[in-house]
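A.B. asks:
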Amino acid sequence: AQKVTQAQTEISVVEKEDVTLDCVYETRDTTYYLFWYKQPPSGELVFLIRRNSFDEQNEISGRYSWNFQKSTSSFNFTITASQVVDSAVYFCALSERGNAGNMLTFGGGTRLMVKP
Amino acid sequence: DAGVTQSPTHLIKTRGQQVTLRCSPKSGHDTVSWYQQALGQGPQFIFQYYEEEERQRGNFPDRFSGHQFPNYSSELNVNALLLGDSALYLCASSLRLQGSSYNSPLHFGNGTRLTVT
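Just so you know, the protein sequences line up as chains A and B, in that order.
Under my numbering, the first residue of the first sequence carries the number 93, and numbering increases by one thereafter.
Under my numbering, the first residue of the second sequence carries the number 152, and numbering increases by one thereafter.
1) Using a 10 Å radius around the Cβ and a threshold of 16 neighbouring Cβ atoms, would you call D236 of chain B buried or exposed?
2) For K162 of chain A, does the three-state DSSP call read helix, strand or coil?
3) Would you verify that the beta carbon of Q219 of chain B is, or is not, closer than 8 Å to some beta carbon of chain A?
4) Using the beta-carbon of each residue, which ones in chain A are nearer than 9 Å to P159 of chain B?
5) So F160 of chain A contacts chain B; which residues on that side make the cut at Cβ distance below 7 Å?
6) To the nearest angstrom, how far is the alpha carbon of K164 of chain B from that of L246 of chain B?
7) So which residues on chain B does E151 of chain A lean against when the C-beta distance must stay under 7 Å?
8) For a cutoff of 8 Å on Cβ pairs, would you count M195 of chain A as touching chain B?
9) If you follow the beta strand (DSSP E) that H218 of chain B is part of, which residue opens it and which one closes it?
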C-alpha cells in the first residue's frame, strides 16, 4: 500500500529564512508520481510540482526547489528566502502507476508560518 | 478562464440527512475527482469520474455516490449523514491525455465545508 509521511506538522520561520519541508513515501510500484500542493487559508489546493519516479533530477523554480532521492524515498521541498505569502499548509502526495497518476495519496501536511 | 468551482461553500446538515455537493471542472477538463479533507488532515480520495462513469474509488462506503453529467460537471451525494462526515469536500478536475489513462495534474476547487450536527 502506498503511504506518505510528513513528519513536520508545523514549522515557524522568520521572513527571509530558508526552510525545508520533508516528505517520505512508501510504495511497491517502480513507476509512480510525486506531487507537492500548497493550501492557503482559502482552502484551494494549488499544484506546485509533479515528478515521475524515473526523473531524479532536482528542480528549481524561482525560490522553490525540490530534492528527489529514491535511495531514501524522499521528496523534500525547500523555500529560499521565505516570504509571509508562503504561509500555508503544504502537502506532499503520491500516485502509483496503477492509478495512472489519478488517485493521490496525501501526507498529513506541514503548516508553514512565516513571520515578518 | 474559470477554474474549478464548487457549490455551496458551506453547508450544515443533521445526522441521517442526505446532501448533494456540486462541482464544475476547469474549462477544457473532462475528469472530475472528489476528496474528503477532515480538519487537520490531508485529503482522502473518494472517487473519480470520466466519461460519466465512476473509474476509481477510494475506501469510502456506498453512502458516498456520485454522478458526472455530459458537460463534465459532477455531483457528490452522501446519504445517512454521520457526524464523522463533517469535513471539507474538495473537487478536482483534470484532462485525460489522449491515448493514455494518465491525466494532467489535478486542479482543485475551494471546497465545500460540510458540518453535520
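The C-beta atom is built at its ideal place from N, Cα and C for all residues, glycine as well.
C.D. replies: Taking the structure as given:
1) Position 85 of the second sequence holds residue 236 of chain B. Burial call: buried.
2) Locating residue 162 of chain A in the first sequence gives position 70, counting from the first residue. Helix at K162 of chain A.
3) Along the second sequence, read from residue 1 onward, the residue named residue 219 of chain B stands at position 68. Not one chain A Cβ lies under 8 Å of Q219 of chain B.
4) Along the second sequence, one-based indexing puts residue 159 of chain B at 8. In chain order: nothing, as chain A lies at least about 13 Å away.
5) Against the first sequence, residue 160 of chain A aligns to sequence position 68. Near F160 of chain A there are no residues of chain B at all, since even the closest Cβ is about 16 Å away, more than 7 Å.
6) Counting from one through the second sequence, the residue named residue 164 of chain B turns up at place 13. Counting from one through the second sequence, the residue named residue 246 of chain B turns up at place 95. If I take the Cα positions, the gap works out to 33 Å.
7) Looking up residue 151 of chain A in the first sequence gives position 59. Correct list: empty, because the minimum Cβ distance to chain B is about 14 Å.
8) Indexing the first sequence from 1 puts residue 195 of chain A at position 103. So, interface residue.
9) Numbered from 1 along the second sequence, position 67 holds the residue referred to as residue 218 of chain B. Per DSSP, H218 of chain B belongs to the beta strand (DSSP E) from F215 to Q219.
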